[in-house]
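Asker: After the C-alpha cells below, expect a handful of questions from me.
Residue numbers (my numbering), protein chains in the order written: chain A, 2 to 286; chain B, 1031 to 1343.
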C-alpha cells in the first residue's frame, strides 16, 4: 500500500475538479436543488393549504424531518447527475490523453490509483455538497423548525455516501469506455435507469404477478414489493434509509427490517467501488 | 549483473473471434550499466514488451524481473527502480511543469520534492518554463519533461519507447546527449526504436525483434561479423591506371564476388575484407592507389537482412 501515492492522486483530482467550469455549473444546480427544494418545501410545510396534492401535504405536515426526506428526492435527482458528470471522463480522458501510463508506472497498484481517483472526485463533490446540505438544514430549521439530530446526520452523511455510489458506478463505465461519447452515454443510461426506469420495475412486476392495478398505491403487498425492489437501487436505498430516520406513516418503509436500507446503502457504496477497482485493474492491461 | 531478465515472455491479445500474439516467447537479459537497444519494425511487439517490463501489462505467460523483482508479483517494488518514457507521453496540461514533477515525486518518499523537481527542470533545459502550464509546452519540451518525470526517483533503469518520435534534429541531439550522460552516470538504458541510426549510435547491444519474436541479440559489432559472413562488403579503391588484366586478376581472387568500375577507380564487392590483398596486387602492377575505403554492413543492412530472412521463412 502506498498511501502517499493514493493521497497525491486524490489531491490532484480534488483540486482539478473543484476548479473546473463544470463544478461551477453543478454548484448552481446544487444550490437550486438542495437549498431551493429544502427551503421551498419548508415554506410549503407551514402553509399546507397551498399544496394541491393531499398526500404530499400530509407528509409535509409531519414536520422538518419529512421536509428533509422529501427534499432528498430532489437531491437524488440532481446529485446523481452531478456525480456522473464529474466522473464520466475520469479514466477515459486519461487513456485518450496518454497520461495514464505515467501514472501506472509509479510504485502503486492499479487498484490504489483508482482508489485515489475515487477519493479525489468524491471529495470534490462532497465539499460543496456538504456546504449546500448544511445550508439546506439551516433553512429548514429557520422556516419549519429543527429536524431531529439523527435526521440531520443522516441527511448529510447518506447524501455524501450517495454521491460516492454514483461516482464508483460511473468510474466502472469510464474505465470500460474507449471514447468520451461512450462514457457520457453510459452515464446518461445509469441515471435514466435508476431515476426514471426503476420506478417502473415494481409496477411491472406487480402487473406481471397479477396485482390489481386500480388500487395499487394503497395495496400493502405492493408497498412491500416496492420497498424490497427499492433496495436494489442506490436511490431507493438512500431514500428508504432516510425514511427510516424521518419516521412517519408513508415515509417509513413498510414490511422490511429497519436495518435493510442501511445495509443496502452500505453495500451499494462498497460493491461498485470494489468492482471499479477490479475492472480498472483488469482493463488497464 | 543483470537488471532486466525476460524469460519466455509472451503476450496474446484475445479478440472476439481470433487472438493476436504480440510477443511470442522472448527471452533476453539486460546487464547493469549498458545501453540496450530494442529494435524492430512497426508492430514488432516493442511497446508491448516495454509495458510488460514496466509492470503496466501482465504477460500471458513467461516472466520478467526488474532488479530481481518480478514485474507482476513484486510489481510495486519493481516499479521503484524504473523510469519510463512512453512513446507519446501525456500530461495534465493545466498543471505547471514544476508542480507536475512534484506531483510525480509524491509517489516516492522524497524529502525535498521541490528542490529535486527544480534540479531536473534545469538539467533538461526547461528552467525558464518551470512556472508555465504544461499545455503551453511544445512537443519537444513535453518529451524532455517526460524524461524529467522519469528521473524523479533516480531510477536504475531508464526505459525509452521511441524517444525521437516527433523531435526535430536539435531536439534529438539534445535528448541523446542527456541519455548518454545518464548512462555515463550508471543508469541502465533500455531504448526501443525503429530508427536504426539512433540504435547504432547509442547502444552497446541490440535485440532485434520482428513479429513478436527475437531474431538476434548481440552487440552491433558481433552482429556485423555474423551477418558479414553471409552478406556483401564493399572495398572502394580510388586509383589511376587500372588495366583490364589487373581487373581480371582481382576478379579471380577468392571471396571476390564481382568488381565494378567507378569514376575514380573500382569497387570490389566481396564476402570478406580483401582490401590488403587487392592493394598488394594493385601496387605490384604499378597502379597508383590514392585511397581504399571499406564499408561493412550497417545496422540497417543487418536489420533488413535478418527481418527479411524471417519474413521469407
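Even glycine gets a Cβ: it sits at the ideal position worked out from N, Cα and C.
Spatial neighbours of residue 1196(B) within its chain, please: C-beta separation below 6 Å, excluding the five flanking residues on both sides.
Answerer: 1169
Asker: Are residue 1221(B) and residue 1067(B) touching if we call contact CB-CB under 8 Å?
Answerer: yes
Asker: Between which residues of its own chain and residue 1050(B) is the CB-CB distance below 6 Å, once the five residues before and five after are set aside?
Answerer: 1043
Asker: Kindly indicate if chain B contains any beta-carbon less than 8 Å away from that of residue 109(A).
Answerer: yes
Asker: Excluding the 5 residues preceding and the 5 following residue 1038(B) in the sequence, name in chain order all residues of the same chain whose CB lies nearer than 7 Å to its CB.
Answerer: 1055, 1057, 1091, 1092
Asker: Within 10 Å of its beta-carbon, does residue 124(A) have 16 or more other beta-carbons around it, so buried, or fewer, so exposed?
Answerer: So residue 124(A) counts as buried.
Asker: Residues of the region 1167-1196 of chain B in Cβ contact with chain A at a cutoff of 7 Å, in chain order, please.
Answerer: 1179
Asker: Which chain A residues are close to residue 1144(B), counting only those with a beta carbon under 9 Å from its beta carbon?
Answerer: Result: empty, since nearest Cβ-Cβ is about 14 Å, beyond 9 Å.
Asker: For a contact meaning CB atoms closer than 7 Å, what does residue 9(A) contact in chain B?
Answerer: 1133, 1136, 1137
Asker: In its own chain, which residues sit with a C-beta less than 6 Å from the C-beta of residue 254(A), not counting the 5 before and 5 after it?
Answerer: Counting only Cβ-Cβ distances below 6 Å, and skipping sequence neighbours, we find 228, 241, 244.
Asker: Let me make sure I understand the geometry here. Which of 1031(B), 1180(B), 1096(B) has the alpha-carbon closest to that of residue 1120(B)?
Answerer: 1180(B)
Asker: List in chain order: all unbroken beta strand (DSSP E) runs of 3+ residues lying wholly within the region 116-189 of chain A.
Answerer: none
Asker: Tell me which residues of the region 1261-1278 of chain B have at least one Cβ-Cβ distance to chain A shorter than 7 Å, keeping chain order.
Answerer: none
Asker: Mind the definition here: the region 1094-1110 of chain B touches the region 1262-1280 of chain B only if three or more C-beta pairs lie below 8 Å; say whether that holds.
Answerer: no
Asker: Is it buried or exposed for residue 1251(B), if we count other Cβ within 10 angstroms and need 16 for buried?
Answerer: exposed
Asker: With 8 Å as the threshold, decide whether the Cβ of residue 1110(B) is near any Cβ in chain A.
Answerer: So yes, residue 1110(B) belongs to the interface.
Asker: Closer than 7 Å, Cβ to any Cβ of chain B: which residues of the region 94-109 of chain A, in chain order?
Answerer: Within the region 94-109 of chain A, the residues whose Cβ lies closer than 7 Å to some Cβ of chain B are 98, 99, 100, 102, 103, 105, 106, 107, 108, 109, listed in chain order.
Asker: Could you check the C-alpha separation between residue 251(A) and residue 60(A) for me, to the nearest Å?
Answerer: 7 Å
Asker: Counting only beta-carbon atoms, is residue 286(A) nearer than 8 Å to chain B?
Answerer: yes
Asker: Opposite residue 1188(B) in the DSSP bridges: which residues?
Answerer: Partner(s): 1113(B), 1219(B).
Asker: Is the region 44-53 of chain A touching the region 93-103 of chain A, taking contact as three or more C-beta pairs under 8 Å?
Answerer: no
Asker: Taking 8 Å as the cut-off, decide whether the C-beta atoms of residue 235(A) and residue 159(A) are in contact.
Answerer: no
Asker: Taking a cut of 7 Å between CB atoms, which residues from the region 1113-1128 of chain B lie near chain A?
Answerer: 1114, 1116, 1118, 1119, 1120, 1121, 1122, 1124
Asker: For residue 1132(B), does the three-state DSSP call read helix, strand or coil?
Answerer: helix
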